[in-house]
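Peer 1: Heads up, the sequence shown is in our numbering, so the first residue is 4 and it goes up one at a time. Note that beta-carbon positions come from the ideal geometry of N, C-alpha and C, so glycine has one too.
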Amino acid sequence: MRFLSAIAAGLFAFVLRIRHLLYDSGIIGHYTADIPVVCVGNITVGGTGKTPFTEFLIDRLGRRFTIAVLSRGYGRRTKGYLEVQTNSSFLNVGDEPKQIKRKYPDTVVVVCEKRAEGIRRIRQEHPEVDLILLDDGFQHRRVEPKVDIVLMDYTRPIWEDYMLPLGNLRDLPSQMARANIVVVTKTPTNITPIDRRIAVKSLNLFPYQSVFFTTMRQGELQPLFPGAEGLVEPKQHIAVMAGIGNPKAMLGSLGTRYRITREWLFRDHHVYRVRELQRIVGELATLPPDTVVVTTEKDAVKLTNSRKVPVELQRRLYKIPVRLSFYEGDEEVFLAELCRQIRSRD
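(1) Nearest CA to the CA of GLN212: which residue from GLN344, ALA36, PRO39 and VAL40?
(2) If you drop the 5 nearest sequence neighbours on each side, which residues of the same chain put their C-beta closer than 7 Å to that of GLN225?
(3) Pull up the distance between the alpha-carbon of GLN102 and that of THR47, whole angstroms please.
(4) Provide the residue(s) that pair with GLN225 in DSSP beta bridges, ordered along the chain.
(5) Where does GLY121 sit, in a helix, a strand or coil, going by DSSP?
(6) Between the C-alpha atoms of ARG123 and ALA36, what's the straight-line distance to the nearest angstrom?
(7) Where does ILE350 land, buried or exposed, given buried means 16+ other C-beta within 10 angstroms?
(8) Using only CA atoms, which one of HIS33, THR110, PHE15 and ASP293 lies nearest to ARG368?
(9) Whose C-alpha, out of ILE38, GLU86, SER205 and PHE93, is nearest the C-alpha of ALA303?
(10) Cβ of VAL40 within 8 Å of Cβ of ILE135?
(11) Is there contact between the stretch 141-152 and the stretch 175-183, where contact requires at least three CB pairs shorter than 8 Å?
(12) Alpha carbons only, please: which of ASP156, GLY222, LEU24 and VAL243 is nearest the one belonging to ALA202?
(13) Mind checking GLY140: buried by the 16 CB within 10 Å criterion, or exposed?
(14) For TYR275, collect the residues of the same chain with a Cβ closer than 7 Å to its Cβ; drop the 5 residues on either side in sequence, then sort them by chain order.
(15) Expressed to the nearest angstrom, what Euclidean distance is found between the alpha-carbon atoms of ASP198 and ILE161?
(16) Roughly how many whole angstroms lie between the Cα atoms of PHE238 and ASP293?
(17) Run through DSSP, which three-state label would ALA182 get?
(18) What is the DSSP secondary structure of GLY13, reduced to helix, strand or coil?
(19) Taking just the CA atoms, how far does GLU279 sit from GLY332?
(20) Distance, Cα to Cα, LEU208 vs GLY285?
(21) Determine the direct distance from the alpha carbon of GLU335 to that of PRO196, and round the result to whole angstroms.
(22) Grab the span of the beta strand (DSSP E) containing THR299 for me, first residue to last.
(23) Could you tell me which residues DSSP pairs with MET166 in its beta bridges?
(24) Would you grab the beta carbon distance between THR51 and ASN45 for me? Rounded to a whole angstrom, and I think it's under 8 Å.
(25) If I follow the unbroken beta strand (DSSP E) through LEU137, where does it start and stop?
(26) With a 10 Å radius around its C-beta and 16 neighbouring C-beta atoms as the bar for buried, classify GLU131 as buried or exposed.
(27) DSSP beta-bridge partners for GLY44?
(28) From what residue to what residue does the alpha helix (DSSP H) around ARG200 run?
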């Protein structure tokens with residue numbers, strides 16, 4: 004099976020090389036917007052922290068620019084251009100765009116699988132917007148952004164990975180050369196300077212590229228429904244229910260604060276079914292009586308206001324908020340570099 008996967012990975016890499024060659028040679032054209040576009044992407048499948056990073060950019064750059072977020076809206080049941088509203092169903096707009104709109108209701112959030120068309124519509128309908136954050140567009144190439152930011156999960160380094168389906172790479176490692184800024188996410192809080200230097204060297208970046216290290220900091224557990232059982236104490240028993248790309252870092256951090264008694268892990272963007280939630284309630288009854296269920300902010304979008312969540316689960320269901328944090332004062336350096344590139348004329 005691994006042999007067949009290796010063959011498939013080689014074919015996939017060959018197709019990607021041809022595709023990138025067509026773009027690089029100009030045979031396939033790019034679309035360039037009349038306002039700056041910052042692309043937030045990666046070259047691996049899922050789990051690098053694009054949504055928390057996009058939220059960080061909205062929070063920091065929102066003081067300087069009027070921002071719109073453009074996403075494909077992965078997993079949605081609709082097609083074409085659609086503006087996300089605070090009351091939109093995640094089924095129609097996708098879980099991540101819905102999460103962003105819920106946290107930043109005054110920010111324009113749009114889903115459109117054709118990025119160039121989405122940008123044109125944003126410019127027509129929201130002329131006040133002067134900066135577009137393009138979610139997950141690095142590998143698509145149709146839109147030529149002003150700044151390309153590529154994220155890499157520290158726990159899944161690209162230099163140790165392989166192309167799909169043998170590994171998790173969905174684009175060629177050589178394409179990292181197109182990135183203006185590389186952000187390493189989910190870095191351990193106790194990382195040493197030598198470990199950082201090793202990672203930077205392994206990335207094999209060019210002099211024109213900047214690299215920054217970040218970590219995900221968890222906040223206090225928040226109940227999803229009214230009538231929850233109250234504050235969750237340190238070292239209390241918890242069970243984790245999550246459908247995200249790479250839950251390793253989240254579980255590790257939760258494990259330092261609470262006692263994890265059970266894990267229900269699903270594929271990224273998972274839509275919960277009634278029978279799954281009922282099964283979880285049944286298994287919850289076998290766990291220590293003080294056990295609460297912890298889920299992610301992205302999963303919470305799909306569970307809040309859902310009539311299919313059993314009452315027994317509602318009383319014990321909490322979400323864990325996360326925020327992205329830079330190391331050693333690098334946040335101001337990063338923002339200064341990003342704003343310089345956004346405002347540059349070349």
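Peer 2: Taking the structure as given:
(1) Looking up residue 212 in the sequence shown gives position 209. Selected option, being the one with the closest Cα: GLN344.
(2) Against the sequence shown, residue 225 aligns to sequence position 222. So the qualifying residues of the chain are TYR321, LYS322 and PRO324.
(3) By one-based count along the sequence shown, residue 102 stands at place 99. By one-based count along the sequence shown, residue 47 stands at place 44. Their backbone Cα atoms lie some 22 Å apart in a straight line.
(4) Here the question's residue 225 lines up with position 222 in the sequence shown. Paired residues: LYS322.
(5) In the sequence shown, the residue the question calls residue 121 occupies position 118. Correct three-state label for GLY121: helix.
(6) As a working note, residue 123 is residue 120 in the sequence shown. As a working note, residue 36 is residue 33 in the sequence shown. Whole-angstrom Cα-Cα distance: 8 Å.
(7) Residue 350 lies beyond the stretch modelled for the chain, which goes from 4 to 349, so this question has no answer here.
(8) This structure cannot settle anything about residue 368, because the visible part of the chain is limited to 4 through 349.
(9) Along the sequence shown, one-based indexing puts residue 303 at 300. Cα-wise, what sits closest to ALA303 is PHE93.
(10) By 1-based counting over the sequence shown, the position of residue 40 is 37. By 1-based counting over the sequence shown, the position of residue 135 is 132. Yes, they are a contact pair.
(11) yes
(12) For the purposes of this step, residue 202 is taken as the residue at position 199 of the sequence shown. The candidate whose alpha carbon is nearest that of ALA202 is ASP156.
(13) For the purposes of this step, residue 140 is taken as residue 137 along the sequence shown, with counting starting at 1. So GLY140 counts as buried.
(14) As a working mapping, residue 275 is identified with position 272 in the sequence shown. Correct list, in chain order: LYS305 and LEU306.
(15) In the sequence shown, counting from the first residue as 1, residue 198 sits at position 195. In the sequence shown, counting from the first residue as 1, residue 161 sits at position 158. Rounded to the nearest angstrom, the two C-alpha atoms are 15 Å apart.
(16) Your numbering for residue 238 matches position 235 in the sequence shown. Your numbering for residue 293 matches position 290 in the sequence shown. The sequence as given places Lys at residue 238; Phe does not occur at that position. Between LYS238 and ASP293, the C-alpha separation is close to 11 Å.
(17) Here residue 182 corresponds to residue number 179 of the sequence shown, with the count starting at 1. ALA182 falls in the coil class under three-state DSSP.
(18) If you number the sequence shown from 1, residue 13 lands on position 10. Of the three classes helix, strand and coil, the one that applies to GLY13 here is helix, per DSSP.
(19) In the sequence shown, counting from the first residue as 1, residue 332 sits at position 329. In the sequence shown, counting from the first residue as 1, residue 279 sits at position 276. The straight-line gap from Cα to Cα measures roughly 44 Å.
(20) Translated into positions along the sequence shown, residue 208 becomes position 205. Translated into positions along the sequence shown, residue 285 becomes position 282. About 51 Å.
(21) What you label residue 196 is simply residue 193 of the sequence shown in a count that begins at 1. What you label residue 335 is simply residue 332 of the sequence shown in a count that begins at 1. Roughly 19 Å between the two C-alpha positions.
(22) Walking along the sequence shown from the start, residue 299 turns up at place 296. Unbroken beta strand (DSSP E) run through THR299: 295-299.
(23) The sequence position of residue 166 within the sequence shown is 163, counting from 1. Paired residues: LEU172.
(24) Here residue 51 refers to the residue found at position 48 of the sequence shown. Here residue 45 refers to the residue found at position 42 of the sequence shown. Between ASN45 and THR51 the Cβ distance is about 4 Å, and since that is below 8 Å, they are a contact.
(25) Locating residue 137 in the sequence shown gives position 134, counting from the first residue. Start and end: 134-138.
(26) For the purposes of this step, residue 131 is taken as the residue at position 128 of the sequence shown. Classification of GLU131: exposed, given that the 10 Å Cβ count is below 16.
(27) The residue labelled residue 44 in the question sits at position 41 within the sequence shown. In DSSP, GLY44 forms a bridge with VAL153.
(28) Stepping through the sequence shown from its first residue, residue 200 is reached at position 197. Residues 196-206.
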